[in-house]
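Report on the structure given below.
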Ligand code: NOJ
């Protein structure tokens, strides 16, 4: 205990300018944790009856789409080394561990008529060990590893998926509900729908800029709501847990005070964050999304809007399906207006529907192009989410720093996380935002999707060259351990 504390002081004073950090204690029940996801750490891709999923297929079929042709067939080998991971978590002192279940490990074909008990056992063992270590599991049902069977049926374009996702969720509640009291249905629909089903930069690599993202968003919302209602009706009373969806967004800051930049930033938020959050927290798509897509579809000669219109029944089915707000966020962008809604009519495109353009300030510290140290943007985002989505309890389910080296003395990661936590405390104490938890991405360096193992976000380094996948805690691990122990970012905290 004493050793950790001294290390914490040493590391804090070396790396952080504590004078600028918020000096309040974390609120009494505030949770500090760490996260991973099944495909990124588990390996064991074809062991013990696991079925094939979309990322297995994508990395094996299109090796050229992944940096250095990497796959996650072995990844951190957590399928075999989960006990070591739980020990690391215990040593770190976290209150919760956000992890995901691999759908095809539990249901090899995706469908609930064939349950793989070996897969069930794998997760049960982890949950039991977490319980023993007094760590609360926060479990994502779907973190991008869609069973191949559903991919072949059109994946997230196919509304039938909502029914099958609900059935899979029911199996998980049934087998794991005794241990799991915090459920997340789906991770980051924006990343999937933009990357996988519109731009084609992530699995499954579909390019459909005009309709892809909207149809994918629509099916995600239906699937999420199905899983929510099944929990609500069939399990909540007995299991006494809660359930939400993770929504990802950076902060969209107007590039200037001009009316056009201010309204462009709002439209950007509607098209990136609101398109998923509004139907769940307020009902229906954001008005700007409805209007822009309808107008452009009309000018492009479509008989009706490319945005699926939600029926009243669907609006009611989706609205209110969240017990709290889960937010993943890494960066900020400046937003300015791009094309007008009635300009550049030609190939249908989500980007032209949105009509904004974005850029970052080159002075913002960054090691990779999608993470920037902009803590004030994080604070504004928290406030915005709180004010626009019915004052929900907000839980930060992912935030962290990516570097290219994976070095043990990860100064930049410590600076980033400490400044973001400080901004979070500002949002709580000064802006009155009800934010109740923070989860570092990630516990381990892991398979960073199409970037393979080239981008590192772990508090723990993993040696991907060694058969043992040796884990070595970085300086940020020791620093975060100190923060959790002290519940404070500076030497002396006030209440
Ligand atoms: C988003 C995803 O949820 C996670 O899988 C990914 O590794 C991190 N953020 C970093 O990109």
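Numbering (my numbering), first residue to last: 22 to 516.
The beta-carbon is built from N, C-alpha and C at its ideal position, and this holds for glycine as well.
- If you check the CB distance, residue 443 and residue 41 come in under 9 Å.
- The C-beta separation of residue 400 from residue 447 comes to about 5 Å, placing the pair in contact by the 8 Å criterion.
- Separation of residue 501 and residue 112 (C-alpha to C-alpha, rounded to the nearest whole angstrom) is 11 Å.
- Spatial neighbours of residue 133 in its own chain (CB-CB distance under 6 Å, excluding positions within 5 residues in sequence) are listed in chain order as 188 and 192.
- At the C-beta level, residue 268 and residue 249 stay beyond 9 Å of one another.
- Scanning the stretch 142–209 for uninterrupted beta strand (DSSP E) segments of 3 residues or longer gives 157–163 and 203–208, listed from N- to C-terminal end.
- Between the stretch 212–220 and the stretch 274–288, the count of Cβ pairs shorter than 8 Å is below three; the stretches do not touch.
- Proximity of the stretch 352–363 to the stretch 409–418 falls short of the contact definition, fewer than three beta-carbon pairs being nearer than 8 Å.
- In terms of Cβ geometry, residue 478 and residue 463 form a close pair [threshold 9 Å].
- Ranking 43, 49, 74 and 97 by CA distance to the CA of residue 468 puts 97 first.
- Residue 391 sits exposed, since fewer than 16 C-beta atoms from the chains shown fall within 10 Å of its C-beta.
- Spatial neighbours of residue 470 in its own chain (CB-CB distance under 7 Å, excluding positions within 5 residues in sequence) are listed in chain order as 223.
- Within the chosen limit of 8 Å, the ligand NOJ does not reach the beta carbon of residue 43 with any heavy atom.
- If you compare the alpha carbons of 394, 304, 62 and 375 with that of residue 334, the shortest gap goes to 304.
- The stretch 331–347 makes contact with the stretch 236–251; the number of CB pairs closer than 8 Å reaches 3 or more.
- With contacts defined as CB atoms closer than 9 Å, residue 289 and residue 379 qualify as a contacting pair.
- If one requires a minimum length of 3 residues, the beta strand (DSSP E) runs lying completely within the stretch 389–448 are 415–420, in chain order.
- With respect to the 9 Å criterion, residue 311 and residue 326 are classified as neighbours on the basis of their beta carbons.
- Beta bridge pairing from DSSP links residue 482 with 493.
- Pairwise C-beta distances place the stretch 81–98 out of contact with the stretch 172–180, as fewer than three of them are shorter than 8 Å.
- Residue 228 counts as exposed, since fewer than 16 other beta carbons sit within 10 angstroms of its beta carbon.
- Using a 10 angstroms sphere on the CB of residue 139, the tally of other CB atoms stays under 16, which defines it as exposed.
- Taking the Cα positions, residue 94 is about 13 Å away from residue 488.
- Within the DSSP secondary-structure output, residue 274 pairs in a beta bridge with 355.
- In its chain, beyond the 5 residues on either side, 357 and 358 have a beta carbon closer than 8 Å to the beta carbon of residue 281.
- The DSSP-derived three-state label of residue 349 is strand.
- Burial check for residue 89: the Cβ neighbour count within 10 Å stays below 16, so the residue is exposed.
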